[in-house]
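Going left to right, the sequence shown walks through residues 45 to 477 as this note's numbering numbers them.
Just so it is clear, CB atoms sit at the ideal spot from N, CA and C, and this is done for glycine as well.
A short worksheet on the structure shown next.
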Amino acid sequence: MHPHDYHYRDGMALRPAPETAQASPLWLTEPHVEQFSPWIPVRADPVRTPLTRLFDDHRWQGDEPMDAVVLAFTKIGMSRGRRMLDQALDRGIDAVEDAPPALVELFRHLDHPPEWFDAGTWERGRRLWINASLAGKTTMMLSDAMGTFVGAEVSAATGQTRRFLADFRRRELETVTWFHDVTRPGGADRHSEVFKSIVRVRLMHAQARLALRRIWGDEHFARHGNPISNAMTMGAAVTFGLLPLLFDHAHGRRVTPADLDSVMLYWAYIAHLMGVADELIPRGAVDGLQMAHHMILTAGGPTEWTDITVRAACDHLLSSNPVLRRLQIHASAPLLGLVSALTGEPLVRALLRASPFATLRLQPWEWIAGRLVHLNVAVRRIGDRLPGARRRRDARACHGDAWQRRGVALASKLAARSGVAGTPYDHHDTSVG
């Protein structure tokens, strides 16, 4: 066992960051500076805080309660274990006969919200997040994609598990469904379907983490830390939560510190349900922003898995006919220009470096996209000043995010063509045994 392979306890000396977690100018893009600089100092070498030091420490560990559950399920059989989990989610842990101690401990954690949780603030944060512009939410999704396919930790994990390569439609449907689910009302309710989906995704992450830890061994762990680490889960929740509002604010639609704090609590509780250790969860937006700035600049990559995954996607999407293939590549310029405008050209170039799109010109499409997304925010800013703005905001939140809902409908149709129906989040039941 590697000497850093343990779970932090209060008062312990902090572990140093893995060697691959070094600040890189690749991630210090113009959009990043625009979005973060109104709130915190933005530097090529991020300011170190107690929470960012703890973040680096927690790159070495996974989700202690759920990891223990997965190990218990490997002993009794994953199918039986999943039935126990589902029964506990539906009827409570006391209804489960012969439940493994690890499962009992998990539900002790799930059944009792932390002291810092406030249902009213959570709901306010949910509504504020949904009220962000489409451009802001698109920025968040594209930034997440960059972290997934370019960043060192996640690109290696997704590449090695081959889910985007071998089961793209199912992975796509699961992703968009989860994002829509967490915007639906009542998600903080212990007995809601949203709550249950979050826990099932948490189980899936723990299964994948155990499988990857076994495949990669101590040599990979020593350089990169734990796959799907506790730190990365928390950092992802911060960026999912705050980026849409940061984008709107940077483009003139003013956001207050109290707004950011409410959205931070909304996503902090989701992170809690996803297994992030309580000591790592930011209690306010400024702490979250410092953590996200640190995480983004030390994301590393691109990796060999970046190139493998992108080339496989190109082979799947592009025609084998050379003429049609070239036309498809050039027809993609407007879309890639949008990606560049929202995430930064250096990241787009890193993503596409080994693909047929590597030398594609992104201008004038990047400039045009930049003007269009600014217009989108401007229209929303005007709407904020018209009578009934609060009523419209609350109405938007009645059934979860409308854009995410449309994404689920589209992904469901595409998945159905590939024979995929539903999102049981059980893909990794056979990955560990």
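Residue span of the alpha helix (DSSP H) that contains residue i, given as start and end
| i | result |
| --- | --- |
| His249 | 237-268 |
| Ala356 | 348-361 |
| Ala116 | 108-120 |
| Gly136 | Taken as a continuous stretch (DSSP letters only), Gly136 belongs to no alpha helix (DSSP H), as it is neither H nor E. |
| Leu72 | No alpha helix (DSSP H) holds Leu72; DSSP gives it neither H nor E. |
| Arg397 | Taken as a continuous stretch (DSSP letters only), Arg397 belongs to no alpha helix (DSSP H), as it is neither H nor E. |
| Trp447 | 446-461 |
| Ala275 | 274-294 |
| Trp83 | Run containing Trp83: none; DSSP gives neither H nor E here. |
| Pro94 | 94-101 |
| Val220 | 212-225 |
| Asp438 | 433-440 |
Of the listed residues the options, nearest to residue i (C-alpha basis)
| i | options | result |
| --- | --- | --- |
| Asp49 | Leu382, Gly106, Leu217 | Gly106 |
| Glu218 | Asp305, Ser475, Leu458 | Leu458 |
| Ser177 | Ala336, Pro468, Trp447 | Trp447 |
| Ser187 | Asn175, Ala132, Leu286 | Leu286 |
| His316 | Asp54, His156, Ile120 | His156 |
| Thr182 | Thr387, Arg440, Gly164 | Thr387 |
| His337 | Leu430, Leu396, Thr283 | Thr283 |
| Tyr469 | Ala453, Gly427, Ala252 | Ala252 |
| Arg461 | Arg214, His295, Leu254, Cys442 | Arg214 |
| Val245 | Thr467, Val476, Ser475 | Thr467 |
| Asp473 | His46, Ala433, Thr64, Met122 | Met122 |
| Leu391 | His51, Pro69, Met56 | Pro69 |
| Ala232 | Gly195, Ser399, Phe161, Gln204 | Phe161 |
Expected contact under 8 Å - CB spacing of residue i and residue j to nearest Å
| i | j | result |
| --- | --- | --- |
| Ala281 | Ile242 | Going by Cβ atoms, the distance from Ala281 to Ile242 rounds to 11 Å, so no, they are not a contact pair. |
| Pro60 | Asp100 | 7 Å |
| Ser273 | His153 | Their Cβ separation, rounded to whole angstroms, is 18 Å, which puts Ser273 and His153 out of contact at 8 Å. |
| Pro158 | Asp322 | 6 Å |
| Met278 | Thr96 | That pair is no contact at about 11 Å. |
| Thr227 | Arg170 | 7 Å |
| Asn175 | Arg449 | With a Cβ gap of about 15 Å, Asn175 and Arg449 do not count as contacting. |
| Ser475 | Ala255 | 4 Å |
Is the number of C-beta pairs between the segment 74-83 and the segment 115-129 that are closer than 8 Å three or more? no
Which parts of the segment 314-352 are runs of the alpha helix (DSSP H), unbroken and 4 residues or longer, counting only runs that do not cross its ends? 329-341
Taking only runs of the beta strand (DSSP E) that begin and end inside the segment 152-209, which ones reach a length of at least 3 residues, in chain order? none
Give a yes or no on contact between the segment 126-142 and the segment 301-315, applying the rule of three or more CB pairs nearer than 8 Å. no
Would the segment 372-385 count as touching the segment 401-412 if we require 3 or more Cβ pairs under 8 Å? yes
The segment 336-347 touching the segment 188-203, judged by at least three CB pairs closer than 8 Å: yes
Pick out the complete alpha helix (DSSP H) segments inside the segment 367-421, 4 residues or longer, and give them in chain order. 377-387, 389-396
How do the segment 143-158 and the segment 258-267 stand: do at least 3 beta-carbon pairs fall below 8 Å, yes or no? no
Using 8 Å as the cut-off, can you tell me whether the segment 220-230 makes contact with the segment 360-371, which would need three or more C-beta pairs spanning the two stretches below that distance? no
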